[in-house]
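This report concerns only the one structure given below.
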């Protein structure tokens, strides 16, 4: 995949500046093109892959560490331009050959997804030089299709925010392109902010407990948490494999379908991919007759009341769905669906992270920590002796606690996996079936993007104890959920609405999002 260039927190992209040339007028509208239009323009020779790479590099150079200082990208693939030129030369030699849907198109990937030649740091200063030995399965799929990796995106450190959304010791604070006083949620903060800022047409992320959907919601982008097993997790730094999944952030649902068709598939290194039937379907083809007409949607009423403007967007989204012919039925979920972090995700994550993280560390080459204890010791030492690249203190404290109080294979953990999760899946499936609803609809998170530490926004209101509460349902059950843009509230802050379907019903969820959004 090429070598990495780490972007220093306060330095410009010197190597990009040396590469930039004026982009012809025909490329002026690149930011308005979806993936289908980019594909057509490349195939017809109206733009080149080199022009695309240069265009996105210039956008990153202007507003990532300079300008708006969005801070979404932390590493660049210094061979991206070379790879683009090679693709252009291949196309010139074979102008009539058929290309992959993403061939010649640049993208970004979250910093917990392995790319051979670039460090995978999980946003951690401790792992800044950690080199994987091979590409993650999803990157192999994209590489085989001809897509070009531009670089790595910032993230909440080790994929957990602990109250500081989008901050990492390696990358610093990611800002929301729509309002620079607010964050881009987490943990796939950089991926969502990058797509919203036009740094790439799509970006890979990961989702354990809302980490694709929440960032998509607050940045006005589209994010899907697929059914567990639709997309392989091999070659991705784990947080909790009972809930981890890879995914993608795009500007439209159609773009989401294009990328899904490339990255989904069975992987012998991820057993979760073996039992998902939808690996054989085409998401793009199935979009064509998408409609909400005569569809019955369950409107979940549990997650309102935290922010009046988000509630107003949710109400408007319901009217929009009705205008498109949907039948709406109010659904009040049992109270335990509001507390899934405490009863399911939290305890399972605490049990799974230490051993799974250590297994991942042992796959890294070079002088890297091989145990959680080694990692904590290095992070703690840096925290005491340096003034920069500091870890979120709450994140470090949580790691110390996990290291000292290992709960792997505890009776509670085993009970949750064998009893609680299957029970919730069965219950929710039965509830939807009995109500006659194909999908559930609710605010992706019940507040707009939160205010960045050190900034102020006197008008910001969020009365939720946990803004992610609704996101835990898909995580705990393994059901698919898509977040699509639904409105803008005070402060130019986007709000997303989610559609959740039965396990394996990714097609229906994507179709619902497409019919709602219209693109």
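In UniProt numbering, the protein residues as written are 1 to 519. Beta carbons: idealized from backbone N, C-alpha and C, even for Gly. Treat the numbers as computed from the prediction; the structure is a model and nothing was measured.
Query, Result
"Give every residue of the same chain whose Cβ lies closer than 7 Å to the Cβ of residue 316, excluding the five residues on either side of it in the sequence, and list them in chain order.", "487"
"For residue 287, which of 517, 366, 382, 41 has the nearest alpha-carbon?", "517"
"For the beta strand (DSSP E) holding residue 300, just list the boundary residues, first then last.", "296–300"
"Can you tell me whether residue 505 is buried or exposed, with buried defined as 16 or more other CB within 10 angstroms of its CB?", "buried"
"So, at 7 Å on beta carbons, what are the nonlocal neighbours of residue 573 in its own chain, with the 5 sequence-adjacent residues on each side left out?", "A question about residue 573 goes unanswered here, because the residues of the chain that appear run from 1 up to 519."
"When you compare each of 311, 132, 117, 219 to residue 362 by their alpha carbons, which one comes out closest?", "132"
"If we require 4 or more residues per run, which alpha helix (DSSP H) segments fall completely within the segment 409–453?", "411–415, 421–435"
"With 16 as the cutoff for other CB atoms within 10 Å, does residue 269 come out buried or exposed?", "exposed"
"Taking 9 Å as the cut-off, decide whether the C-beta atoms of residue 177 and residue 219 are in contact.", "yes"
"Spell out a yes or no on whether the segment 196–206 and the segment 457–465 are touching, meaning 3 or more CB-CB pairs, one atom from each, closer than 8 Å.", "no"
"Mind checking whether residue 301 and residue 339 have CB atoms under 9 Å apart?", "no"
"Measure the alpha-carbon distance for residue 22 versus residue 60 and round it to whole angstroms.", "With a pLDDT of 42 at residue 22, under the threshold of 50, the predicted position of this residue should be treated as unreliable, and no value is reported."
"Our contact map puts residue 117 next to residue 153 with C-beta atoms below 8 Å; I'd like the distance itself, whole angstroms only.", "Incorrect: roughly 17 Å between the Cβ atoms, too far for contact."
"Candidates 193, 455, 372, 251: which alpha carbon is nearest residue 64's?", "193"
"How would you write the range of the beta strand (DSSP E) that residue 76 sits in, first residue to last?", "73–77"
"For residue 168, which three-state DSSP category applies?", "strand"
"Per DSSP, what kind of secondary structure is residue 330 in: helix, strand or coil?", "strand"
"If you draw a straight line from the alpha carbon of residue 337 to that of residue 470, how long is it in whole angstroms?", "8 Å"
"If you reduce the DSSP assignment to three classes, tell me which class residue 362 lands in.", "coil"
"Which term fits residue 294, buried or exposed, when burial requires 16 or more other beta carbons within 10 angstroms of its beta carbon?", "exposed"
"The alpha helix (DSSP H) with residue 60 in it runs from where to where?", "49–63"
"Per DSSP, what are the beta-bridge partners of residue 173 in this structure?", "167"
"List, from N- to C-terminal side, the alpha helix (DSSP H) runs of 4 residues or more that fit wholly inside the segment 206–256.", "213–219"
"Determine whether the beta carbon atoms of residue 228 and residue 159 lie at a separation below 9 Å.", "no"
"What does the alpha-carbon distance come out to for the pair residue 107 and residue 150?", "6 Å"
"With a CB to CB cut of under 7 Å and the five nearest residues on each side skipped, what residues in its chain are close to residue 234?", "136, 137, 267, 269, 270"
"Which residue wins for smallest C-alpha separation from residue 165, given the options 211, 404, 249?", "211"
"Under a three-way DSSP split, which group does residue 107 fall into?", "strand"
"Would you say residue 554 and residue 348 are within 9 Å of each other, going by their C-beta atoms?", "Residue 554 lies beyond the residue range present for the chain, which begins at 1 and ends at 519; the question has no answer from this structure."
"Could you give the distance in angstroms between the alpha-carbon of residue 29 and the alpha-carbon of residue 148?", "20 Å"
"May I ask you to report which of helix, strand or coil DSSP gives residue 22?", "Residue confidence is low: residue 22 scores 42 on pLDDT, short of 50, so the model does not pin down where it sits. Its coordinate-derived value is still stated next. In this structure, residue 22 counts as coil in the three-state DSSP scheme."
"Could you give the C-beta distance for residue 297 and residue 439, rounded to a whole number, given that I count them as a contact under 8 Å?", "6 Å"
"Kindly indicate which residue of 359, 473, 327 has the alpha-carbon position closest to the one of residue 345.", "473"
"Counting only runs that start and end within the segment 116–195, where is the alpha helix (DSSP H) found for 4 or more residues in a row?", "137–145"
"Looking at C-alpha atoms only, which residue of 221, 181, 185, 418 is the closest neighbour of residue 456?", "181"
"Per DSSP, which residues does residue 497 bridge with? Please list them.", "443, 484"
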